[in-house]
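Notes follow once the structure below has been shown.
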Amino acid sequence: MNDSKTIPEIEQEIIEEFSLFDTWDEKYEYIIDLGKKLPPLEEEHKIDENKVRGCQSTVWLVADYVDGKVFFKAESDAVIVKGLISMLIRVLSGQTPKQIIEAKLNFIQEIGMTTHLAQTRSNGLLSMVKQMKNFALAYKIKDSSISHDHGYRNTEAKNN
Amino acid sequence: MTMSSTIVKSFDVDFIRQQFPILNRQVKGKQLVYFDNAATTQKPQSVIDALVNYYKGYNANIHRGIHSLAEEATAAFEKTRDLVQQFIGAPSREEIIFTRGTTEGINLVAYTWGRQNIKAGDEIVISTMEHHSNIVPWQVLCEEKNAVLKIIPINNQGELLLDEYEKLLTPKTKLVSVVQVSNALGTINPVKQIISAAHKSGAVVLIDGAQSTVHLDIDVQEMDCDFFVFSAHKLYGPTGVGVLYGKKELLEVMPVFQGGGEMIKEVTFEKTTYNDLPYKYEAGTPNIADVIAFGAALLFISQTGKQNIRKHEEDLLQYATDLLVEMPGLRIIGTAKEKIGIVSFVIDKIHPQDLGILLDNRGIAVRTGHHCTQPLMNRFGIPGTTRASFAVYNTREEIDELVAGLERAIKMLS
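From first to last, the protein sequence lines stand for chains A and B.
Residues 1 to 160 in my numbering are what the first sequence spells out, letter by letter.
Residues 1001 to 1414 in my numbering are what the second sequence spells out, letter by letter.
Structure follows, in C-alpha cells:
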C-alpha cells in the first residue's frame, strides 16, 4: 500500500481532492462516503484494549508491523469519524515508524477539519493520530532494542 | 427596583431576541440556532452591561473597604443575594451562599455536612438520572466513610419509581440527593413528595436545581428541602457563580468548607473564630463581577415573567415533539408526563456525533453524547443522545430549521 508515495505526497493528494469542493456539505458528503467504504474491523479486534480514548464515539485501532512498515486498521461507530480514520490510514499506513513519527499531518488543517470540528471533537481525531504515532514509536524502540540485543528480545507486537 | 414591583409585559419573542446580541451571529455562514440551553444559556445585554459597568465604574474588593467604590461594589454584590433570596423564596438572606456553581454547592455539602454526619453503614439515596456532579461527591464520601449509595430506579419513560424510592428509605438513610429536572431527559421530578418521604424517615434532602431553576417556580420553603443548589449560567447569568441555599439551623452547625479571608471573625495563631452566615462559607474574594451580573439576569427573568417563559417553552416542547416523533427511525428518550423543554433522541443506525457535526454545519447547536449521565444512558442501553434544549428566545421557526437539518443529515448519513 502506498509503496511509492511519501506521507507529504499523499497529504498533498488529499488537499487537492478537497480543493474541488465548494461547500462544507460537499466535504462532508465525501468524508461520509469514505467512512461508509472503510472495511469493517474484524470483531475480535473490537475490544476495550484497542479503544482510542478521548473520542465521543468509539474508535478501535490496531496496528501490524511487516518488513519495517506499519499497517493500520481501524473502525468507529460514527460514520464521519470513520471517514477521518480512512484518510489517516491512507496517509500513514504502509510507512516506516520514523516517517509516521515525523509526519506533520498538515492536511488535517488544510482541508479545514481541525478548525471545523470543535475542540471537543477534534480531540478524538488528535487522540487517533497520537495513538498511531505511539504504535510507530513502539515498533521503532523494538527495532533498536533488537539491534542492541542481537535479536534476543521478544518482538511480538501487543496489538497485532 | 424589587422583583415584585416589576411589571410583567405580555410575551413577545422578537423583543426578547433583540436583548441577546449573540443571536445575531452566523455560524458556518448560517444564522445561529442555539439549542444547547441546558448546557448554558446565552446572556442578555443587561447582564453583559452589568459585568462591564462594574469593571468600568466601581471595581473594588467588597465588605472591608471604607472607600466609595468598595461601598458601591458591596451594595451591588449584596443586592444579588437579596434577589436570589426572593427568587427561590428563602426565609432569610443569610441562607444564600455564593459558590462557583452547582457542582461546588454539592461538594460543599458533601465535604462539610457529609463528613460531619455520615458514618459507617449509613445510606445515601440518589437517583438513576443524576448528573455525574450529584453522583461522584457522594461516591467519594461513601468510600471514605464506608457508607452505602442507593439508587432510585426509573421507568422506561424516564420517571422515578416512587414506590421503589420509598422502599429504599430506612432509618440508616441520612441523605437523599435528587435532581429536580433531568438535564438529559427533561423529566420534572415530584420533589415535594420525595422530600416529605425522606423527612419522615429522618433524612436530610439536597435538591439539584441546576436545570429546574430557570424553568420552574422555585419556593424552597414550600418544597421544604434542606439544601438547594443551582448555577447562574443556566439562568441567563454569567459562568462561575452558583448558589447554595441551606436551612439556617444546618448551615450554622456545619463545619467550614474553605478557610481564608472573609469567612473569619478573628484569627490568632491559637484559634480562629468564624464569621456569621453566609460569609462563613464564602472564603476569599468572591466572584464579585459575576455575582453582580447575575442580579441583572434574575431581573431579566422576573421582568419577562416566569409564567410567560414556561408557557413559551411548553409550546416549543410540544411543537418539537410533534414534529420529531413523525421522523422515521427517531425515538425520543425521556417521555415523562411532566417535562421541561428538552428533547433528547436517538435515530436508528445513526451516531449522535455524526448528527451533531452535520447540524453544526447548518449553524444549529445541539449537544450530543452522554450529557454527564452515563449511568442513565446505560439504563436506556444507549451510548448517548442528541439533545435539543429550549430557552425563552427560541422560536418555532428554529425548530423547523432543526427538523430540516435532521432530515438532510439523515439523508447524508444513510
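Every residue, glycine too, gets a C-beta built ideally from N, C-alpha and C.
Would you mind giving the Cβ-Cβ distance between residue i and residue j, rounded to the nearest angstrom? I have them listed as a contact below 8 Å.
i, j, result
"residue 1391 of chain B", "residue 1037 of chain B", "4 Å"
"residue 1203 of chain B", "residue 1235 of chain B", "About 28 Å separates the two Cβ atoms, so there is no contact after all."
"residue 169 of chain A", "residue 95 of chain A", "Residue 169 of chain A lies beyond the stretch modelled for chain A, which goes from 1 to 160, so this question has no answer here."
"residue 1256 of chain B", "residue 1271 of chain B", "Wrong, their Cβ atoms sit about 13 Å apart, outside the cutoff."
"residue 1080 of chain B", "residue 1269 of chain B", "At roughly 35 Å, the Cβ-Cβ gap does not stay under 8 Å, so residue 1080 of chain B and residue 1269 of chain B are not in contact."
"residue 1053 of chain B", "residue 1073 of chain B", "So it is not a contact: roughly 11 Å between Cβ atoms."
"residue 1063 of chain B", "residue 1262 of chain B", "7 Å"
"residue 97 of chain A", "residue 125 of chain A", "At roughly 21 Å, the Cβ-Cβ gap does not stay under 8 Å, so residue 97 of chain A and residue 125 of chain A are not in contact."
"residue 1217 of chain B", "residue 1339 of chain B", "The pair is not a contact, with the Cβ atoms about 16 Å apart (cut-off 8 Å)."
"residue 32 of chain A", "residue 80 of chain A", "6 Å"
"residue 1161 of chain B", "residue 1151 of chain B", "Not really, about 11 Å apart at Cβ, beyond 8 Å."
"residue 1184 of chain B", "residue 1323 of chain B", "Not confirmed; about 21 Å, so no contact."
Does the Cβ-Cβ distance between residue i and residue j come in under 7 Å?
i, j, result
"residue 1344 of chain B", "residue 1385 of chain B", "yes"
"residue 1366 of chain B", "residue 1359 of chain B", "yes"
"residue 1187 of chain B", "residue 1379 of chain B", "no"
"residue 1020 of chain B", "residue 1109 of chain B", "no"
"residue 1210 of chain B", "residue 1102 of chain B", "yes"
"residue 1277 of chain B", "residue 1094 of chain B", "yes"
"residue 10 of chain A", "residue 110 of chain A", "no"
"residue 1364 of chain B", "residue 1136 of chain B", "no"
"residue 1371 of chain B", "residue 78 of chain A", "no"
"residue 92 of chain A", "residue 100 of chain A", "yes"
"residue 1212 of chain B", "residue 1180 of chain B", "yes"
"residue 1320 of chain B", "residue 1047 of chain B", "no"
"residue 172 of chain A", "residue 82 of chain A", "Look at the range of chain A in this structure, 1 to 160, and you will see that residue 172 of chain A is not part of it."
"residue 1035 of chain B", "residue 1288 of chain B", "no"
Going by beta carbon distance, what residues of the same chain come within less than 8 Å of residue i, once the five residues before and after it are set aside?
i, result
"residue 1290 of chain B", "1051, 1232, 1237, 1238, 1239, 1240, 1241"
"residue 60 of chain A", "41, 45, 46, 47, 50, 51, 52, 74, 75, 76"
"residue 1121 of chain B", "1146, 1147, 1148, 1172"
"residue 1264 of chain B", "1272, 1273, 1274, 1275"
"residue 1250 of chain B", "1113, 1204, 1226, 1227"
"residue 1300 of chain B", "1019, 1044, 1046, 1047, 1236"
Pull the bridge partners of residue i from the DSSP assignment, please.
i, result
"residue 1031 of chain B", "B/1026"
"residue 1075 of chain B", "In the DSSP output, where bridge partners are listed per residue, residue 1075 of chain B has none listed."
"residue 1123 of chain B", "B/1148, B/1173"
"residue 68 of chain A", "In the DSSP output, where bridge partners are listed per residue, residue 68 of chain A has none listed."
"residue 1290 of chain B", "Per DSSP, none; premise fails for residue 1290 of chain B."
"residue 1387 of chain B", "B/1344, B/1367"
"residue 1273 of chain B", "B/1266"
"residue 63 of chain A", "A/72"
"residue 1036 of chain B", "B/1389"
Apart from the five residues on each side of it in sequence, which residues of its chain come closer than 6 Å, Cβ to Cβ, to residue i?
i, result
"residue 1177 of chain B", "1126, 1134, 1206"
"residue 1005 of chain B", "A caution first: residue 1005 of chain B carries a pLDDT of 45, below 50, which makes its placement in the model unreliable, though a value can still be read off. Cβ neighbours of residue 1005 of chain B beyond the five flanking positions: none."
"residue 1318 of chain B", "none"
"residue 1404 of chain B", "none"
"residue 108 of chain A", "114"
"residue 1219 of chain B", "1089"
"residue 1215 of chain B", "1340"
"residue 1247 of chain B", "1226"
Can you list, in chain order, the residues of its chain with a C-beta nearer than 7 Å to that of residue i? Leave out the 5 residues immediately preceding and following it.
i, result
"residue 1304 of chain B", "1016, 1392"
"residue 1142 of chain B", "1124, 1148, 1149"
"residue 1397 of chain B", "none"
"residue 1104 of chain B", "1242"
"residue 1230 of chain B", "1102, 1209, 1210, 1213, 1242, 1243"
"residue 106 of chain A", "11"
Check whether the Cβ of residue i lies closer than 6 Å to any heavy atom of the ligand ZN, and answer yes or no.
i, result
"residue 1349 of chain B", "As far as ligands go, the structure on display features none, and thus does not contain the ligand ZN."
- Message: Please give the ranges of any alpha helix (DSSP H) in the stretch 1303-1366 of chain B, keeping only runs that are unbroken, at least 4 residues long and fully inside the region.
- Response: 1306-1325, 1352-1360
- Item | Residue ranges of each alpha helix (DSSP H) within the stretch 9-61 of chain A, 4 or longer | 24-37
- Could you tell me which uninterrupted alpha helix (DSSP H) segments, each at least 4 residues in length, are contained entirely in the stretch 1170-1236 of chain B, listed from first to last along the chain? 1191-1200, 1220-1223
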